[in-house]
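First the structure, in the form of structure tokens, and then the observations on it.
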Amino acid sequence: MLARGSARKLAILWTLYFVQGLPFGFQATALPVYLRAAGVPLSGVGFASMLALPWSLKVFFAPLVDRYGAHRLGRRRAWILPLQLGLLGCCAAAAVVPPDRALTPILALVFGMNLFAATMDVAVDGLAVDVLEPGELGQGNIAQVVGYKVGMLTGGGLLVWASSRIGWEGLFLAMTALIALCFVVTLLWRESNLPLAAGHAPVVYTRVADVLALLKRGVTSGGLWLLLFIGTYKLGETMADVMFKPFLYDHGIGPDRIGLWVGTWGMLLSILGSVAGGFLAGRVPLLRAVGIAASLRVLAVGAEWWLSLVHLTPARVIAVTCIEHFFAGLLTTAMFAYMMSRVDRRIGATHYTLLATVEVWGKLPAAALSGVVAQATGYATLFGISTALSAAFLWLLLPLARRTAAEPATSPAAA
Numbered sequence: 014m015l016a017r018g019s020a021r022k023l024a025i026l027w028t029l030y031f032v033q034g035l036p037f038g039f040q041a042t043a044l045p046v047y048l049r050a051a052g053v054p055l056s057g058v059g060f061a062s063m064l065a066l067p068w069s070l071k072v073f074f075a076p077l078v079d080r081y082g083a084h085r086l087g088r089r090r091a092w093i094l095p096l097q098l099g100l101l102g103c104c105a106a107a108a109v110v111p112p113d114r115a116l117t118p119i120l121a122l123v124f125g126m127n128l129f130a131a132t133m134d135v136a137v138d139g140l141a142v143d144v145l146e147p148g149e150l151g152q153g154n155i156a157q158v159v160g161y162k163v164g165m166l167t168g169g170g171l172l173v174w175a176s177s178r179i180g181w182e183g184l185f186l187a188m189t190a191l192i193a194l195c196f197v198v199t200l201l202w203r204e205s206n207l208p209l210a211a212g213h214a215p216v217v218y219t220r221v222a223d224v225l226a227l228l229k230r231g232v233t234s235g236g237l238w239l240l241l242f243i244g245t246y247k248l249g250e251t252m253a254d255v256m257f258k259p260f261l262y263d264h265g266i267g268p269d270r271i272g273l274w275v276g277t278w279g280m281l282l283s284i285l286g287s288v289a290g291g292f293l294a295g296r297v298p299l300l301r302a303v304g305i306a307a308s309l310r311v312l313a314v315g316a317e318w319w320l321s322l323v324h325l326t327p328a329r330v331i332a333v334t335c336i337e338h339f340f341a342g343l344l345t346t347a348m349f350a351y352m353m354s355r356v357d358r359r360i361g362a363t364h365y366t367l368l369a370t371v372e373v374w375g376k377l378p379a380a381a382l383s384g385v386v387a388q389a390t391g392y393a394t395l396f397g398i399s400t401a402l403s404a405a406f407l408w409l410l411l412p413l414a415r416r417t418a419a420e421p422a423t424s425p426a427a428a
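Letter 394 of the sequence shown, counting from 1, is numbered 407 in the numbering used here, and no numbers are missing.
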């Protein structure tokens, strides 16, 4: 049974991450299908993933979030509220832009959604680092990952599936209404109701340079292996994931079924995997939890490779989709809990954002090149390469495990 304080933390974190997942779910699951249906070549579909560029650049403005924000609204809430309004405005504008005749404005609005959501993510991650105790990291990252994925499921699964009835306008109006509801929840919530984690003094820096100096110290004192580890662990998975929806479409599976099978059922299994990953992270050492989840993830990506070599049936597609999403969710939650355990709480927003940004940077080249590889070699070769990259990542666990074993017992999260 959760204590009242812990339940309050998890509830607001879940809500804030849900908001961020709504537009990204549309981009990750629905946009590739819409682009392919509009005749965009596979290379263009792959490069459309660059619309998520703000997620990879947020590290450059994260120090501003740690530096500014001492406000009567709350250090983190002063950022979160206006950014939610910006996201709401982009979704409302997308509702009145016809996708068949205005592709460029739609892409610009999706970019704007990513910009507002990515900046909000910096503040929300900082809030999580501020208030979660070390013993709450597993549960806190369940709230983080599951909230985000429920948002993705809604924006990229349920609403896309319903778009055959409510239309494009209805899809984005529904998304706008959900963001407005979460805005009201955020407006009514008070940041002071979530006490800071033990040992985390409320530091407000007078200069951005102070934030950067602490960040440099954290990276140079043994953090380079960690950055390499975070930047490579999803290379193979990302390459396969970006092309999986176009692969299904090119084999005669329509957008409505892709939205239902991948965006809805697959995301439900991803959520279950994320919950399992949080419980795993709470019961074994965090790096060991990552190793277990990463090993199982290799088998899941390999299942997508197998699917590209056999005759497609609905049962096979659904089974592989659910397996891959479950183990990807398992790995993501375990990994994010591990990342948060390595953060210097004094610069929580900036330090965690650096780690999260390196994770995004590691995925971007794979996402952008996935279409080029698939177009040049075929889907089967692409999924084979993805499986090999997922297996190769496991070797990076060894030096990191040795380094972790040699460190003092104190955690950077408590610094």
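Ideal placement from N, C-alpha and C gives every residue a C-beta, glycine not left out.
A426 versus P298: straight-line alpha-carbon distance, rounded: Taking the sequence shown and counting its residues from 1, one reaches residue 426 at position 413. Taking the sequence shown and counting its residues from 1, one reaches residue 298 at position 285. Confidence at A426 is low in this model, with a pLDDT of 41, below 50, so the placement of that residue is unreliable and no value is reported for it.
Backbone secondary structure at I266 - three-state DSSP: Start at 1 with the first residue of the sequence shown, and residue 266 comes out as number 253. Three-state result, I266: coil.
Given F339 as reference, the closest of A51, G384, H324, L312 once Cα atoms are compared: Within the sequence shown, numbered from 1, the residue matching residue 339 stands at position 326. The shortest Cα separation from F339 among A51, G384, H324, L312 belongs to L312.
Through-space distance from A347 to K162, alpha-carbon basis: Looking up residue 162 in the sequence shown gives position 149. Looking up residue 347 in the sequence shown gives position 334. Cα to Cα, the separation comes out at about 15 Å.
Cβ distance (whole Å) where M126 is taken to contact L96 below 8 Å: By 1-based counting over the sequence shown, the position of residue 126 is 113. By 1-based counting over the sequence shown, the position of residue 96 is 83. About 11 Å; that fails the 8 Å criterion.
Option nearest V72 by Cα separation, candidates R88, A136, L44: For this step, residue 72 is matched to residue 59 along the sequence shown. Minimum Cα distance to V72 is reached at A136.
Neighbourhood of L184 by C-beta distance below 6 Å, restricted to the same chain and skipping five residues each side: As a first step, residue 184 is located in the sequence shown; it is residue number 171 there, counting from the start. Result list for L184: L172, S176, in chain order.
Residues near E274 by beta carbon distance below 7 Å, same chain, minus five either side: Along the sequence shown, read from residue 1 onward, the residue named residue 274 stands at position 261. Reading off the sequence, residue 274 comes out as Trp, not Glu. Around W274: V330, I331, T334.
C-beta atoms of D357 and R49 nearer than 9 Å: Mapped onto the sequence shown, residue 357 falls at position 344. Mapped onto the sequence shown, residue 49 falls at position 36. It is not a contact, given that the beta carbons lie outside the stated cut-off.
Runs of alpha helix (DSSP H) lying entirely within the region 114-200, each at least 4 residues, in chain order: 116-144, 150-166
W202, enclosing alpha helix (DSSP H) - first and last residue: What you label residue 202 is simply residue 189 of the sequence shown in a count that begins at 1. From DSSP, W202 is part of no alpha helix (DSSP H); its letter is neither H nor E.
Length-filtered (4 minimum) alpha helix (DSSP H) runs lying within the region 49-117: 55-60, 66-70, 75-80, 90-107
First and last residue of the uninterrupted alpha helix (DSSP H) at I398: For the purposes of this step, residue 398 is taken as the residue at position 385 of the sequence shown. Where I398 is concerned, the enclosing alpha helix (DSSP H) stretches over 392-405.
Pick from V386, A316, P327 that is closest to G267, judged by C-alpha positions: Translated into positions along the sequence shown, residue 267 becomes position 254. The candidate whose alpha carbon is nearest that of G267 is P327.
Stretch-stretch touch, CB-based, cutoff 8 Å, three pairs: the region 247-255 with the region 390-399: yes
Three-state class that DSSP yields for R21 in the structure shown: Here the question's residue 21 lines up with position 8 in the sequence shown. Three-state result, R21: helix.
Secondary structure of G279, DSSP reduced to three states: As a working note, residue 279 is residue 266 in the sequence shown. It is helical.
Distance between G57 and A316 (C-alpha atoms, nearest Å): For this step, residue 316 is matched to residue 303 along the sequence shown. For this step, residue 57 is matched to residue 44 along the sequence shown. Computed Cα separation, rounded: 26 Å.
Delimiting residues of the alpha helix (DSSP H) encompassing S308: Taking the first residue of the sequence shown as position 1, residue 308 is located at position 295. Looking at the DSSP string, the run of the alpha helix (DSSP H) that includes S308 is 299-320.
Three-state secondary structure (DSSP) of A426: The sequence position of residue 426 within the sequence shown is 413, counting from 1. The predicted model places A426 with a pLDDT of 41, which falls under 50 and marks its position as unreliable; any figure quoted below should be read in that light. Helix, per DSSP.
Closest residue to S403 among F242, V159, F196, A226 (Cα-Cα distance): By 1-based counting over the sequence shown, the position of residue 403 is 390. Of F242, V159, F196, A226, the residue nearest in Cα terms is F242.
Alpha-carbon to alpha-carbon, L29 and L261: Here residue 261 corresponds to residue number 248 of the sequence shown, with the count starting at 1. Here residue 29 corresponds to residue number 16 of the sequence shown, with the count starting at 1. Approximately 32 Å, taken between the alpha carbons.
Start-to-end residues for the alpha helix (DSSP H) that takes in Y246: Stepping through the sequence shown from its first residue, residue 246 is reached at position 233. Counting along the chain, Y246 falls outside any alpha helix (DSSP H), and DSSP gives it neither H nor E.
Contacts around T117, its chain only, beta-carbon distance under 6 Å, and the 5 residues preceding and following it disregarded: Within the sequence shown, numbered from 1, the residue matching residue 117 stands at position 104. Here the set comprises nothing.
Length of the line joining the Cα atoms of V323 and L194: Here residue 323 refers to the residue found at position 310 of the sequence shown. Here residue 194 refers to the residue found at position 181 of the sequence shown. Cα to Cα, V323 sits roughly 45 Å from L194.
Host alpha helix (DSSP H) of I336 (start-end): Taking the first residue of the sequence shown as 1, we reach residue 336 at position 323. Start and end: 327-354.
Cβ-based neighbour list, A51, same chain, cut-off 6 Å, excluding 5 preceding and 5 following: Along the sequence shown, read from residue 1 onward, the residue named residue 51 stands at position 38. Contacts found: none.
Within 9 Å, strictly: CB atoms of G244 and W374: Your numbering for residue 244 matches position 231 in the sequence shown. Your numbering for residue 374 matches position 361 in the sequence shown. Against a cut-off of 9 Å, the Cβ pair of W374 and G244 comes out as a contact.
T345 beta carbon less than 9 Å from that of G169: By one-based count along the sequence shown, residue 169 stands at place 156. By one-based count along the sequence shown, residue 345 stands at place 332. Cβ distance not < 9 Å, so G169 and T345 don't count as in contact.
Cβ-Cβ separation, A362 to A75 (assumed contact under 8 Å), whole Å: Within the sequence shown, the letter at position 62 stands for residue 75. Within the sequence shown, the letter at position 349 stands for residue 362. Sure, about 6 Å apart at Cβ, within 8 Å.
Helix, strand or coil at G375 [DSSP, three-state]: Taking the first residue of the sequence shown as position 1, residue 375 is located at position 362. If DSSP states are grouped into helix, strand and coil, G375 belongs with the helices.
Local Cβ density within 10 Å of S283, reported as buried at 16 or more and exposed below that: Sequence index remark: in the sequence shown, residue 283 carries index 270 (1-based). Burial call: buried.
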